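Student: As given, the protein sequences belong to chains A and B, one line each in that order.
Quick note: the first sequence uses full-length UniProt numbering, first residue 1, plus one each step.
Quick note: the second sequence uses full-length UniProt numbering, first residue 1, plus one each step.
Glycine residues also receive a C-beta, built at the ideal position from the N, C-alpha and C atoms.
Keep in mind it's a predicted model, so treat the numbers as computed, not measured.
2 protein chains.
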Amino acid sequence: MKKLSFIDATLRDGSHAIKHQLTVSNIENYCIEMDSVGMDTIVVGHGNGLGASSLQVGLSLLSDYEMIHTARKYLERTKLGVYMIPGFGTIHDDLEPAINAGIDVVKIGCHCTEADTTRQHIEFARNANKEVYGVLMMYHMASINKLLEEVQKMESYGAKGVILMDSAGASTMEMVKKTVATLSENVNIEIGFHPHNNLGLAVANAYTAIQEGATIIDGTVKGFGAGAGNCQLEALIAVLEKNGYATNVDLYKLLDVNDNIMPQISNCIGGLDSLSIVSGMSGVFSAFKIPVLKAAKQFDVDPRDIFNELGRRKAVGGQEDMIIEIAEQLSNPLGSNEDDLTYQIGSLL
Amino acid sequence: MKKLSFIDATLRDGSHAIKHQLTVSNIENYCIEMDSVGMDTIVVGHGNGLGASSLQVGLSLLSDYEMIHTARKYLERTKLGVYMIPGFGTIHDDLEPAINAGIDVVKIGCHCTEADTTRQHIEFARNANKEVYGVLMMYHMASINKLLEEVQKMESYGAKGVILMDSAGASTMEMVKKTVATLSENVNIEIGFHPHNNLGLAVANAYTAIQEGATIIDGTVKGFGAGAGNCQLEALIAVLEKNGYATNVDLYKLLDVNDNIMPQISNCIGGLDSLSIVSGMSGVFSAFKIPVLKAAKQFDVDPRDIFNELGRRKAVGGQEDMIIEIAEQLSNPLGSNEDDLTYQIGSLL
């Protein structure tokens with residue numbers, strides 16, 4: 001039984017839940033308590049990774065540098081990591097400074113069919129002797145064979161492992177089982193899983209992934225995260241221990257962080273609302289929730305219909321502009337059921 | 001593929017979450033919206049069932065009669081049900097009046113090894129031509145063979161089905177699989193499952209139960225319920241539909257209840273805190289949370305240690321008095337690790 005690694009994304013993916021407004025104090029208190037819990041790595045940064053702070057996806061309170069610098073002071077037993085999506089961040093402006101600031105782990109992410117875009121970044125981090133993982137986002141949108149090709153590319157670039165990100169929380173347990181089993185059997189590097197809880201299955205999916213050979217799980221404390229939230233680490237550790245797995249995690253200390261630290265960050269964490277569930281069903285990136293609600297209000301349409309259309313169009317992360325377009329079309333009775341040309345002709349009549 | 005029935009416990013089990021303070025208005029608005037969603041039955045009442053309102057387990061705002069009477073006015077397409085634990089309620093004072101008030105469904109519950117205590121009540125309700133289900137609470141505490149005996153007893157009394165209640169949210173998916181498969185294969189009546197979300201597995205456990213032959217699931221909207229909460233109906237319906245099951249539930253209407261009605265009842269629903277998880281790990285009835293926290297505060301001890309001791313003693317629902325005793329012993333350094341006699345001698349020194 002290979003050693004399990006838990007990567008704590010609370011201060012990165014969790015950041016979405018509070019619109020990236022984590023403070024220095026939040027990060028300090030969190031890292032001080034969390035360092036001795038037994039996580040492999042704690043990741044910090046904007047919800048969309050290094051370099052992502054912007055008007056389009058949300059400005060963060062602190063710069064990437066401030067977050068890394070703060071966390072670096074308090075993490076001794078746990079590695080410090082960052083996440084970056086090429087396009088949102090660049091090697092020169094974001095990755096290199098982060099490495100210089102003393103991070104240990106780099107996770108480079110891309111849409112599940114675009115591993116090519118991560119080559120330079122993975123190689124750069126490997127050459128800097130950092131531990132590097134590739135992340136395939138919205139993994140449910142590619143066939144298992146295609147995923148295998150993408151994993152093998154990342155392996156060739158020097159990634160230590162590849163993490164499948166269930167960005168939309170759209171996975172059923174069967175989907176996780178088949179995908180992780182196939183990938184684990186066919187590559188030598190580690191396979192990881194990053195659940196989201198849109199269908200209430202985050203813990204179950206993480207557990208299923210581990211049963212099928214995954215050795216890395218991304219989760220957060222209290223499931224803190226965008227929309228439906230992430231895999232709740234405390235619940236997963238409890239399930240694993242109940243099933244006889246050795247986690248090397250101090251569960252009581254982890255629960256203390258839940259009790260004592262998380263209320264400083266947010267006073268109502270957890271609970272699936274209807275948009276979370278609809279995004280899970282439609283397979284749409286859960287972080288779209290805030291722009292979807294905004295556009296729905298602006299155009300007076302049902303936000304769930306926007307999600308369904310985004311799912312139909314197989315929208316991926318980074319395509320927030322499409323939301324306004326869809327909402328506008330839905331609000332226009334002529335345009336909503338016609339193709340673009342008819343819509344344009346109609347608007348001229 | 002047998003028809004699936006969903007029993008909505010939001011206005012009964014969910015009541016624990018707000019200390020049984022549901023109002024007439026809450027019940028009215030809820031039933032008006034929920035009646036056309038497609039639930040088989042909506043259950044109303046005190047969290048611990050008919051007759052349970054008391055200082056010990058919590059006084060409810062409304063009497064059982066008021067709750068039944070209010071719901072009865074607005075449920076036409078969905079059956080109205082009640083839950084009763086013999087001991088908390090009696091035939092004469094509670095069950096018979098409820099039947100006279102026009103309920104359709106009766107659920108009679110007991111500890112998982114005590115089906116004998118339900119015989120008179122199940123027979124009474126059957127003789128009144130009501131649809132009757134037995135409920136085996138804390139089912140994880142009995143062997144599968146013992147559970148089978150108890151289910152067969154309830155079957156002989158006239159129960160249409162037996163629902164396994166995972167009162168402590170202690171079930172792993174493997175446990176659910178083995179138990180439900182064995183029972184389904186060996187009895188003719190319906191088998192149901194009532195998850196709790198202490199280990200983040202409520203939806204997964206409900207799904208697993210259905211895969212193994214369960215045809216009844218108890219859940220709540222938004223997972224609203226005591227402690228860790230119940231199986232979130234919206235998430236379960238979404239998972240089932242994604243897996244090709246016919247649920248006959250209007251998911252959008254169900255999601256509307258989540259969005260529009262639940263905020264009237266409680267403004268922060270969901271999220272597993274540390275006590276929820278510890279109670280799931282120790283296998284202790286989750287509704288102990290409030291008295292455990294109170295006793296922990298009173299005696300200045302760690303509430304998780306109280307839970308672990310309750311689990312060690314295999315405490316069951318109704319034994320809230322034991323909590324004070326344990327907390328007292330934990331707070332007394334002499335008494336906490338000794339047996340009762342030594343404790344008594346020690347306190348005389």
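Assign LYS107/B to one of three DSSP states: helix, strand, or coil.
Tutor: If DSSP states are grouped into helix, strand and coil, LYS107/B belongs with the strands.
Student: When the Cα atoms are used, what is the spatial distance from HIS196/B to LEU148/B?
Tutor: Near 21 angstroms, if we compare the C-alpha coordinates of LEU148/B and HIS196/B.
Student: What does DSSP give as the partner residues of ASP218/B in its beta bridges?
Tutor: In the DSSP output, where bridge partners are listed per residue, ASP218/B has ILE7/B.
Student: Pull up the distance between the alpha-carbon of CYS231/B and that of GLU96/A, whole angstroms please.
Tutor: If you take the alpha carbons of CYS231/B and GLU96/A, they lie about 46 angstroms apart.
Student: Between GLY45/B and ASP64/B, how many whole angstroms is the CB-CB distance? I'm expecting something under 8 angstroms.
Tutor: Their Cβ separation, rounded to whole angstroms, is 6 angstroms, which keeps GLY45/B and ASP64/B in contact under 8 angstroms.
Student: With PHE124/A as the anchor, note down where its alpha helix (DSSP H) starts and where it stops.
Tutor: Run containing PHE124/A: 119-127, per the alpha helix (DSSP H) assignment.
Student: According to a CB-to-CB cut-off of less than 9 angstroms, which residues of the stretch 19-37 of chain B neighbour chain A?
Tutor: Under the 9 angstroms Cβ criterion, the stretch 19-37 of chain B contributes no residue.
Student: In chain order, which continuous runs of the alpha helix (DSSP H) of length 4 or greater are located wholly inside the stretch 190-255 of chain A?
Tutor: DSSP runs (the alpha helix (DSSP H)) wholly in the stretch 190-255 of chain A: 202-211 and 233-242.
Student: What does the alpha-carbon distance come out to for the pair LEU341/B and THR247/A?
Tutor: For LEU341/B, the pLDDT reaches just 46, beneath the cut-off of 50, and the residue's location in the model is therefore unreliable, although a value from the coordinates is still provided. Each residue's Cα considered, the two are about 39 angstroms apart.
Student: Name the DSSP beta bridge partners of VAL162/B, please?
Tutor: Paired residue(s): GLY134/B and ILE191/B.
Student: Could you pull the start and end residues of the alpha helix (DSSP H) that LYS19/A belongs to?
Tutor: Where LYS19/A is concerned, there is no enclosing alpha helix (DSSP H), given that its DSSP letter is neither H nor E.
Student: In three-state terms, what does DSSP make of THR41/A?
Tutor: Strand at THR41/A.
Student: Listed in chain order, which residues of the stretch 260-276 of chain B have Cβ atoms closer than 8 angstroms to some Cβ of chain A?
Tutor: Correct list: ASN267, CYS268, ILE269, GLY270, GLY271, LEU272, ASP273 and SER274.
Student: Nearest-angstrom Cα distance between LEU348/B and ASP302/B?
Tutor: Residue confidence is low: LEU348/B scores 43 on pLDDT, short of 50, so the model does not pin down where it sits. No coordinate-derived value is stated.
Student: Measure the alpha-carbon distance for residue 430/A versus GLY47/B and round it to whole angstroms.
Tutor: This structure cannot speak to residue 430/A, because chain A is shown only from 1 to 349.
Student: Between which two residues does the alpha helix (DSSP H) harbouring MET154/B extend?
Tutor: Note, MET154/B: alpha helix (DSSP H), 144-157.
Student: If I'm right that ILE99/B touches LYS130/B with Cβ under 8 angstroms, what's the distance once you round it to whole angstroms?
Tutor: Rounded, the Cβ-Cβ distance is 6 angstroms, consistent with contact.
Student: Can you tell me which of the three DSSP states LEU341/A falls into?
Tutor: In this prediction, LEU341/A has a pLDDT of 46, which is less than 50 and means its spatial position is unreliable; what the coordinates show is noted afterwards. Of the three classes helix, strand and coil, the one that applies to LEU341/A here is helix, per DSSP.
Student: Given a cut-off of 8 angstroms, decide if GLY51/B and ASP116/B are closer than it, judged by their beta-carbon atoms.
Tutor: In this structure, GLY51/B does not lie closer than 8 angstroms to ASP116/B by Cβ.
Student: Where does LYS2/B fall in DSSP's three states?
Tutor: Here LYS2/B sits in coil by DSSP.
Student: What does a CB cutoff of less than 7 angstroms around LYS253/B pick up in its chain, not counting 5 residues either side in sequence?
Tutor: SER36 and VAL37.
Student: Leaving out the 5 sequence neighbours to the left and right, which residues in its chain are closer than 7 angstroms to LYS178/A when beta-carbon positions are compared?
Tutor: ILE144.
Student: I need the boundaries of the alpha helix (DSSP H) containing LYS297/B, first residue and last residue.
Tutor: Start and end: 289-299.
Student: Would you decide whether GLN298/A is buried or exposed? Buried here means 16 or more other CB atoms lie within 10 Å of its CB.
Tutor: Flag for GLN298/A reads exposed.
Student: Buried or exposed: where does CYS31/B fall if 16 or more other Cβ atoms within 10 Å of its Cβ makes it buried?
Tutor: By the neighbour-count rule (16 or more Cβ atoms within 10 Å), CYS31/B is buried.
Student: Would you tell me roughly how many angstroms separate the C-alpha atoms of LYS222/A and ILE163/A, rounded to the nearest one?
Tutor: Near 21 angstroms, if we compare the C-alpha coordinates of ILE163/A and LYS222/A.
Student: What does LEU330/A touch in chain B if you count any residue whose Cβ is under 8 angstroms from its own?
Tutor: Per Cβ cutoff of 8 angstroms: no residues; LEU330/A is ~15 angstroms from chain B at best.
Student: In terms of DSSP beta bridges, what is SER54/B paired with?
Tutor: In DSSP, SER54/B forms a bridge with GLY58/B.
Student: Using a Cβ-Cβ cutoff of 9 angstroms, what residues of the stretch 150-162 of chain A are near chain B? List them in chain order.
Tutor: Correct list: empty, as no residue qualifies.
Student: For ARG77/A, tell me which candidate among GLN264/A, GLU33/A, SER184/A and LYS289/A has the shortest Cα-Cα distance.
Tutor: When each option's Cα is compared against that of ARG77/A, the closest is GLU33/A.
Student: Consider the Cβ of ILE345/A: report whether some Cβ of chain B lies at a distance smaller than 8 angstroms.
Tutor: With a pLDDT of 46 at ILE345/A, under the threshold of 50, the modelled position of this residue cannot be trusted; read the value that follows with caution. Not closer than 8 angstroms to any Cβ of chain B, the Cβ of ILE345/A fails to qualify, so no.
Student: So is ALA125/B in contact with chain A if we call contact Cβ pairs under 8 angstroms?
Tutor: It does not: the Cβ of ALA125/B has no partner Cβ on chain A nearer than 8 angstroms.
Student: May I ask you to report which of helix, strand or coil DSSP gives residue 350/B?
Tutor: For residue 350/B there is no data in the structure shown, the boundaries of chain B being 1 and 349.
Student: Report the residue from LEU75/A, GLN120/A, THR70/A and LEU272/A whose alpha carbon sits nearest the alpha carbon of GLY87/A.
Tutor: The shortest Cα separation from GLY87/A among LEU75/A, GLN120/A, THR70/A and LEU272/A belongs to GLN120/A.
Student: Where does CYS268/B land, buried or exposed, given buried means 16+ other C-beta within 10 angstroms?
Tutor: The residue is exposed, with fewer than 16 neighbouring Cβ atoms inside 10 Å.
Student: Using C-beta distances below 8 angstroms, list every residue in its chain close to HIS69/A, excluding the 5 sequence neighbours before and after it, in chain order.
Tutor: Once the five neighbours on either side are set aside, the close Cβ partners of HIS69/A are ALA101.
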